[in-house]
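K.L.:
These protein sequence lines are chains X and L, in that order. In short: position in the first sequence from 1, add 46, done, that's this note's numbering. In short: position in the second sequence from 1, add 12, done, that's this note's numbering. C-beta atoms are modelled at their ideal positions from N, C-alpha and C, and glycine is treated no differently. Note that this is a predicted model, so its numbers are computed, not measured.
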Amino acid sequence: MESYGKIFVVVAVLALILAGIFVYLFFIDRKIGKLEKEISEKESHNRK
Amino acid sequence: MNINFMIKTYWWKILSLILLLYAVTYGFFVDIPQMPIIHQSMRNIFYHVGMWFGMFTMLIVSFIYSLKYLKGFDEKYDRVAIEAVNVALMFGFLGIFTGMIWANFTWGSPWVKDPKLNGAAVGLVIYLAYVILRSSVEDRHKRAKVSAVYNIFAFVLWIIFVLILPKLSSSLHPATGNDSSTPVMPMGLNPSMRTVFYPAAIGWILLGAWILQIRIRMSKIRQRLEEH
Chain X
47 MESYGKIFVV VAVLALILAG IFVYLFFIDR KIGKLEKEIS EKESHNRK
Chain L
13 MNINFMIKTY WWKILSLILL LYAVTYGFFV DIPQMPIIHQ SMRNIFYHVG MWFGMFTMLI
73 VSFIYSLKYL KGFDEKYDRV AIEAVNVALM FGFLGIFTGM IWANFTWGSP WVKDPKLNGA
133 AVGLVIYLAY VILRSSVEDR HKRAKVSAVY NIFAFVLWII FVLILPKLSS SLHPATGNDS
193 STPVMPMGLN PSMRTVFYPA AIGWILLGAW ILQIRIRMSK IRQRLEEH
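1) Residues of chain L with CB closer than 8 angstroms to the CB of Val-55/X, please, in chain order.
2) Can you find a CB in chain L that lies within less than 7 angstroms of the CB of Phe-73/X?
3) Kindly list, in the order they appear in chain X, the residues whose Cβ is closer than 7 angstroms to that of Trp-222/L.
4) Taking just the CA atoms, how far does Leu-201/L sit from Thr-194/L?
5) Where Arg-227/L and His-185/L are concerned, what is the direct C-alpha to C-alpha distance, given to the nearest angstrom?
6) What's the call for Val-196/L, buried or exposed, on a 16-neighbour Cβ count within 10 Å?
7) Please classify Pro-195/L: does DSSP put it in a helix, a strand, or coil?
8) In chain order, what residues of the same chain have a beta carbon less than 6 angstroms from the beta carbon of Asn-116/L, not counting five sequence neighbours either side?
9) Rounded to whole angstroms, what is the Cα-Cα separation between Phe-322/L and Pro-45/L?
10) Go ahead and pull the three-state DSSP assignment for Gln-225/L.
11) With distances taken between CB atoms, is the gap from Ile-138/L to Ala-93/L smaller than 7 angstroms?
12) Can you check whether the C-beta of Leu-81/X is within less than 7 angstroms of a C-beta belonging to chain L?
13) Looking only at C-alpha atoms, which of Leu-29/L, Met-230/L and Asn-163/L sits nearest to Ile-72/L?
14) Just to confirm the assignment, what range does the alpha helix (DSSP H) spanning Phe-117/L have?
15) Nearest by alpha-carbon distance to Ala-100/L: which of Tyr-89/L, Gly-120/L, Phe-75/L and Asp-86/L is it?
16) Name the chain X residues whose beta carbon is nearer than 9 angstroms to that of Phe-40/L?
17) Am I right that Val-42/L and Ala-61/X are in contact with their C-beta atoms under 8 angstroms? What's the rounded C-beta distance?
18) Check the Cβ of Met-230/L against every Cβ in chain X and list those closer than 8 angstroms, keeping chain order.
19) How would you label Asp-90/L, buried or exposed, when you count the other beta carbons within 10 angstroms and need 16 or more for buried?
20) Does the Cβ-Cβ distance between Leu-64/X and Leu-32/L come in under 7 angstroms?
21) Is the shortest distance between the beta-carbon of Leu-33/L and the beta-carbons of chain X less than 7 angstroms?
22) Give every residue of the same chain whose Cβ lies closer than 7 angstroms to the Cβ of Tyr-142/L, excluding the five residues on either side of it in the sequence, and list them in chain order.
23) Are any of the Cβ atoms in chain X nearer than 7 angstroms to that of Val-36/L?
24) Look up Gly-131/L in the DSSP assignment and say whether it is helix, strand or coil.
25) I need the straight-line Cα distance from Arg-93/X to Lys-128/L, nearest angstrom please.
26) Suppose the cutoff is 6 angstroms on Cβ atoms and the five residues either side in sequence are ignored; what does the same chain contact list for Gly-135/L look like?
27) Taking just the CA atoms, how far does Glu-238/L sit from Lys-179/L?
28) Counting only C-beta atoms, is Asp-236/L closer than 7 angstroms to chain X at any point?
29) Measure from the alpha carbon of His-153/L to the alpha carbon of each residue in Ile-57/L, Glu-87/L, Lys-25/L and Phe-40/L, then state which is nearest.
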């Protein structure tokens with residue numbers, strides 16, 4: 047590990063940023079899912 | 013949300029994360045060939061070239077959906093075509109800018125007069141024109157038709173400018189005319205680098221697909237809201 051001159055610290059930071067972006071995307075994905083559900087409910091309500 | 017549903021809908025998104033986590037970690041430690049000038053920056057192949065793989069995949073998707081649209085004029089295909097171009101442009105700009113950083117440190121300038129670079133720039137302009145063309149047509153059906161036809165030409169032009177013309181002339185950029193044998197690029201990529209390059213490329217493509225899916229769903233919601 048020492049021979050890499052602490053590059054692994056940078057690698058850990060990058061990995062965390064990437065994971066963070068994916069978690070963020072996941073929440074956006076779920077939010078859109080909720081919107082889709084809401085709009086479907088409204089549409090079926092309007093039809094009645 | 014139950015676990016089966018989660019796995020069913022999210023497996024390829026999770027796969028993308030795993031592949032990219034692998035690429036940004038092992039990509040720094042995998043053995044690379046010793047080469048002058050480029051040195052450790054060769055590892056950029058995993059990330060910079062990944063952007064172009066992402067862009068090209070999105071353009072293929074857009075092309076196919078424009079053809080599908082022209083077959084039956086079903087608007088849902090037009091929606092995929094435009095959103096795929098939007099994601100392709102994101103990849104394209106990231107590809108250009110990451111390339112400029114890399115070029116600055118290997119060729120001494122962020123932009124050199126080179127057929128591959130100029131081709132990539134023209135390729136971006138072609139698709140920016142697609143977006144502008146769309147915004148300039150008011151009628152929805154007309155817009156979809158005109159832009160689908162343009163998109164087919166755009167795809168052919170992009171391939172000519174980015175993939176074919178640079179191969180026919182000499183270029184500094186690897187995987188072009190005069191150096192088909194460089195150890196640096198995908199086709200001649202060294203075996204240890206392939207163990208990172210291909211998973212990375214698939215990871216970037218899947219990430220693009222995820223963003224595309226989000227954009228399409230947003231666009232559908234917007235349309236449904238307009239209809240009420």
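P.N.:
Inspection of the coordinates gives the following:
1) Along the first sequence, read from residue 1 onward, the residue named residue 55/X stands at position 9. The contacting residues do not exist; Val-55/X stays about 11 angstroms from chain L at best.
2) Looking up residue 73/X in the first sequence gives position 27. Closer than 7 angstroms: no.
3) By one-based count along the second sequence, residue 222/L stands at place 210. Correct list: Leu-71.
4) Within the second sequence, residue 194/L is the residue found at index 182, counting from 1. Within the second sequence, residue 201/L is the residue found at index 189, counting from 1. Below a pLDDT of 50, predicted positions are generally treated as unreliable, and Thr-194/L, at 44, falls in that range; no measurement from the model is reported.
5) Along the second sequence, one-based indexing puts residue 227/L at 215. Along the second sequence, one-based indexing puts residue 185/L at 173. Distance between the alpha carbons of Arg-227/L and His-185/L: 33 angstroms.
6) Locating residue 196/L in the second sequence gives position 184, counting from the first residue. Any answer about Val-196/L is weak, because its pLDDT of 44 lies below 50 and its placement is not dependable; what the coordinates show is given next. It is buried - the Cβ of Val-196/L has at least 16 other Cβ atoms within 10 Å.
7) Indexing the second sequence from 1 puts residue 195/L at position 183. Annotation note: pLDDT 39 at Pro-195/L (below 50); position unreliable, coordinate value reported separately. Coil.
8) The residue given as residue 116/L occupies position 104 in the second sequence. For Asn-116/L, where only same-chain residues beyond five positions count, the Cβ hits under 6 angstroms are Pro-122.
9) For residue 322/L there is no data in the structure shown, the boundaries of chain L being 13 and 240.
10) For this step, residue 225/L is matched to residue 213 along the second sequence. Helix, per DSSP.
11) Translated into the one-based positions of the second sequence, residue 138/L becomes position 126. Translated into the one-based positions of the second sequence, residue 93/L becomes position 81. No, they are not a contact pair.
12) Stepping through the first sequence from its first residue, residue 81/X is reached at position 35. For Leu-81/X, the answer is yes, since a Cβ of chain L falls inside 7 angstroms of its Cβ.
13) If you number the second sequence from 1, residue 72/L lands on position 60. Comparing Cα-Cα distances from Ile-72/L to each of Leu-29/L, Met-230/L and Asn-163/L, the minimum goes to Asn-163/L.
14) For the purposes of this step, residue 117/L is taken as residue 105 along the second sequence, with counting starting at 1. Start and end: 87 to 118.
15) For the purposes of this step, residue 100/L is identified with residue 88 of the second sequence, where counting begins at 1. Ranking Tyr-89/L, Gly-120/L, Phe-75/L and Asp-86/L by Cα distance to Ala-100/L puts Phe-75/L first.
16) By 1-based counting over the second sequence, the position of residue 40/L is 28. Correct list: Tyr-50, Ile-53, Phe-54, Val-56, Val-57 and Leu-60.
17) On the second sequence, residue 42/L is found 30 positions in, with the first residue counted as 1. On the first sequence, residue 61/X is found 15 positions in, with the first residue counted as 1. Not confirmed; about 15 angstroms, so no contact.
18) Numbered from 1 along the second sequence, position 218 holds the residue referred to as residue 230/L. Within chain X, the residues near Met-230/L are Ile-78.
19) Locating residue 90/L in the second sequence gives position 78, counting from the first residue. Buried, because 16 or more other Cβ atoms sit within 10 Å of the Cβ of Asp-90/L.
20) As a position in the first sequence, residue 64/X is number 18, starting the count at 1. As a position in the second sequence, residue 32/L is number 20, starting the count at 1. Yes.
21) Taking the first residue of the second sequence as position 1, residue 33/L is located at position 21. At a cut-off of 7 angstroms between C-beta atoms, Leu-33/L counts as an interface residue with respect to chain X.
22) The sequence position of residue 142/L within the second sequence is 130, counting from 1. The residues are Val-97, Ser-159, Tyr-162, Asn-163 and Ala-166.
23) Here the question's residue 36/L lines up with position 24 in the second sequence. Closer than 7 angstroms: yes.
24) What you label residue 131/L is simply residue 119 of the second sequence in a count that begins at 1. DSSP places Gly-131/L in helix when its eight states are reduced to three.
25) Counted from its first residue, the first sequence places residue 93/X at position 47. Counted from its first residue, the second sequence places residue 128/L at position 116. Taking the straight line joining both Cα atoms gives about 56 angstroms.
26) Along the second sequence, one-based indexing puts residue 135/L at 123. Once the five neighbours on either side are set aside, the close Cβ partners of Gly-135/L are Trp-170, Phe-173 and Val-174.
27) As a working mapping, residue 179/L is identified with position 167 in the second sequence. As a working mapping, residue 238/L is identified with position 226 in the second sequence. Looking at the two C-alpha atoms, the distance is approximately 47 angstroms.
28) Position 224 of the second sequence, counting from 1, holds the residue named residue 236/L. Rather than Asp, the amino acid found at residue 236/L in this sequence is Arg. By this cut-off, Arg-236/L is an interface position.
29) What you label residue 153/L is simply residue 141 of the second sequence in a count that begins at 1. Considering only alpha carbons, the answer is Glu-87/L.
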